[in-house]
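Beneath this line is the structure, given in structure tokens, with notes to follow.
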Amino acid sequence: MQLVSAQTRQARAAVTALFFTNGALMAGMVPRYPAIKDVFELSGSTYGLTVALFPLGGMCGGAITAWAIRKWGSARVAASGTAILGVLFALAGFLVSFREAGWLGIDIGYAAFAASFFACGFCDANVDVGQNAHGLRVQKQYGRSIINSFHAAWSGGVVAGGLLASVAIAVGLPIGCHMLLAGGLFALLGQVAFRYTLPGPDGHNAEKEANAAAVHTIRISPILALAALIFLAIAGALVEDNAQAWATLYMRDFLGISAALAGSAYVAAFAAQLIGRMVGDRLIDSWGPRTVISLGGVLITVGMFASMLFPSAFTTVTGLALAGFGSATIVPIAMNAADDIPSLRPGTGLAVLAWLMRVAFLVSPPLIGKIVDIFGVRVSLWALPFAGLAVIASSFVLAAQTKQRI
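Its first residue numbered 43, the sequence shown is counted upward by one per residue in the working numbering.
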């Protein structure tokens with residue numbers, strides 16, 4: 043058992059807090075998506091394009107992430123980005139409120155909202171890679187898998203943020219006031235967390251931080267391994283992306299669920315993902331990442347095929363919960379494995395994987411939105427069972443039983 047210093051334990055708590063705030067900030071906006079669609083009178087395809095502005099901003103922001111981390115360090119990038127993100131989400135919320143009150147014209151209001159939402163994505167990309175890079179640095183000092191616990195905190199933040207948003211909707215709190223309160227609270231928490239992150243530049247004491255928690259790929263070229271991991275991560279992340287973009291709208295417009303309860307499927311997906319990530323590190327240490335990822339793909343496939351073939355509020359919530367649990371470890375393990383690919387500079391695999399994941403997030407919403415315009419909102423979640431099959435197929439890039447019980 044590797045001894046862990048008090049400083050490292052504090053850093054783990056700090057990174058956990060950063061992941062939590064990041065999940066909570068975005069989740070506060072998601073249950074408001076149907077209202078945003080109505081306020082700006084968006085068609086299905088335009089709504090999809092609007093949702094895609096966030097990953098488009100992320101793609102642009104991801105282009106400077108490596109430079110920003112080298113210049114300021116992963117912890118500062120994550121914490122400062124959290125504060126800026128809180129301000130930007132509050133701004134986006136007030137723009138929706140101003141349009142709803144008639145204080146802004148629909149064209150000017152939508153353009154301003156679109157710009158602020160793009161900026162949110164730009165900032166979020168830097169926060170995302172910054173907190174993951176710092177989390178992997180902390181994991182190296184632990185000498186065992188803890189990356190899933192950080193992503194569990196992110197899922198916990200999503201659940202907390204989504205529940206707060208649902209309560210705000212139920213009591214009639216305007217989105218601007220809601221996002222101002224949430225943004226201020228979570229941004230403050232991020233700044234407190236920064237004080238307890240690891241000191242020194244990234245890569246400091248790299249030899250001391252021997253990566254006993256490495257996730258290995260099968261013996262193929264680094265480029266092929268990275269490509270397979272990117273495919274795996276995109277398939278797994280599609281569960282999160284679709285749940286965020288379409289689950290609430292599907293519940294409201296296809297199943298006829300009230301606005302206050304329509305977010306329940308979205309919350310169920312991320313609550314189940316939270317549970318999966320809480321137990322994920324232990325499962326991976328016991329069974330190995332490939333087995334855990336493959337079983338996760340089976341849960342996604344079975345749960346979502348059942349919910350699509352037998353549509354109801356119960357099957358949708360249950361199917362998305364199974365998909366959320368099944369997807370829990372996919373992105374963390376793909377990031378861990380990408381960061382550990384031999385022959386790549388430290389952080390290169392992680393940065394490339396994170397950037398290309400955002401390309402998929404950019405393409406998915408408008409593509410599905412166009413399909414929704416033609417066939418209706420019911421088809422919006424049909425991508426998920428096929429994403430589960432893709433997870434099963436691509437999981438074999440991971441070497442068998444690379445984790446040992448500690």
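Heads up, the beta-carbon is just placed ideally off N, CA and C, and yes, glycines get one too.
Values in this document were obtained by computation on a predicted structure and should not be read as measured data.
Grab the span of the alpha helix (DSSP H) containing residue i for me, first residue to last.
i	result
serine 306	306-329
phenylalanine 367	355-368
aspartate 381	372-381
glycine 123	116-142
methionine 293	Run containing methionine 293: none; DSSP gives neither H nor E here.
threonine 239	Run containing threonine 239: none; DSSP gives neither H nor E here.
tryptophan 424	No alpha helix (DSSP H) contains tryptophan 424, which DSSP labels as neither H nor E.
isoleucine 148	148-184
arginine 400	390-417
alanine 279	264-284
proline 76	75-81
proline 97	86-104
glycine 203	189-212
valine 72	Run containing valine 72: none; DSSP gives neither H nor E here.
Measuring alpha carbon to alpha carbon, tell me which residue in the options is nearest residue i.
i	options	result
isoleucine 335	Val439, Leu137, Gly242	Val439
glycine 203	Ala363, Pro73, Tyr184	Pro73
leucine 84	Ile148, Ser116, Ala311, Gly225	Ile148
aspartate 381	Arg324, Asp323, Gly368, Leu271	Leu271
isoleucine 265	Ala285, Ser122, Gly391	Gly391
glycine 225	Gly418, Gly389, Leu67, Ile416	Leu67
arginine 51	Val321, Leu325, Gln181	Gln181
phenylalanine 312	Gln233, Ala210, Ala285, Thr333	Ala285
methionine 377	Ala402, Ala429, Leu268	Leu268
glycine 418	Gly86, Leu316, Ile189	Gly86
alanine 143	Asp166, Gly177, Ile78	Ile78
threonine 358	Ala402, Val340, Val309, Arg319	Val309
valine 5	Ala55, Ile416, Met399	As shown, the chain starts at 43 and ends at 448. That puts residue 5 outside it, with no answer to give.
cysteine 219	Ala59, Val344, Leu431, Leu133	Leu133
glycine 305	Val119, Trp114, Leu205	Leu205
aspartate 323	Ala370, Ala314, Ala363, Ser300	Ala370
glycine 123	Leu45, Ile299, Ala156, Phe164	Phe164
phenylalanine 192	Ala59, Ala120, Gly214	Ala59
alanine 393	Ile106, Tyr75, Ile150	Ile106
alanine 53	Ile189, Ala154, Leu146, Arg237	Arg237
threonine 88	Leu146, Ala153, Arg118, Ser300	Ala153
proline 216	Leu404, Ala157, Ser139	Ser139
threonine 63	Ala121, Ile262, Ala348	Ala121
alanine 212	Gln49, Ala156, Leu303, Trp145	Leu303
alanine 363	Arg294, Trp145, Leu146, Ala307	Ala307
methionine 320	Leu146, Ile188, Leu337, Trp114	Ile188
asparagine 460	Leu45, Val57, Leu404, Val46	For residue 460 there is no data in the structure shown, the boundaries of the chain being 43 and 448.
aspartate 295	Ala348, Ser263, Ser328, Pro353	Pro353
cysteine 162	Met293, Ala125, Ala348	Ala125
Per DSSP, which one or two residues make a beta bridge with residue i?
i	result
leucine 440	Thr259
Would residue i and residue j qualify as a contact pair, given that the criterion is a beta-carbon distance under 8 Å?
i	j	result
leucine 297	alanine 355	yes
leucine 274	serine 385	no
glycine 278	valine 421	no
methionine 350	proline 408	no
phenylalanine 28	phenylalanine 136	Residue 28 lies beyond the range of the chain shown here (43 to 448); nothing can be said about it.
arginine 186	leucine 240	no
alanine 287	glycine 70	no
methionine 10	leucine 423	Nothing can be reported for residue 10: it is not among the residues displayed for the chain, which extend from 43 to 448.
alanine 94	leucine 280	no
glycine 90	glycine 411	yes
valine 201	leucine 341	no
arginine 141	valine 81	yes
alanine 167	serine 116	no
glycine 177	arginine 400	no
glycine 318	isoleucine 434	no
alanine 425	threonine 259	no
serine 360	leucine 431	The question names serine, but residue 360 in the sequence shown is threonine. It is not a contact, given that the beta carbons lie outside the stated cut-off.
proline 76	alanine 301	yes
aspartate 244	serine 406	no
proline 331	valine 414	no
isoleucine 276	alanine 402	yes
contact_flag[the stretch 94-109, the stretch 192-205] where n(CB pairs < 8 Å) is 3 or more: no
Cβ contact check for the stretch 219-233 and the stretch 117-130: 3 or more pairs under 8 Å: yes
Stretch-stretch touch, CB-based, cutoff 8 Å, three pairs: the stretch 153-173 with the stretch 110-119: yes
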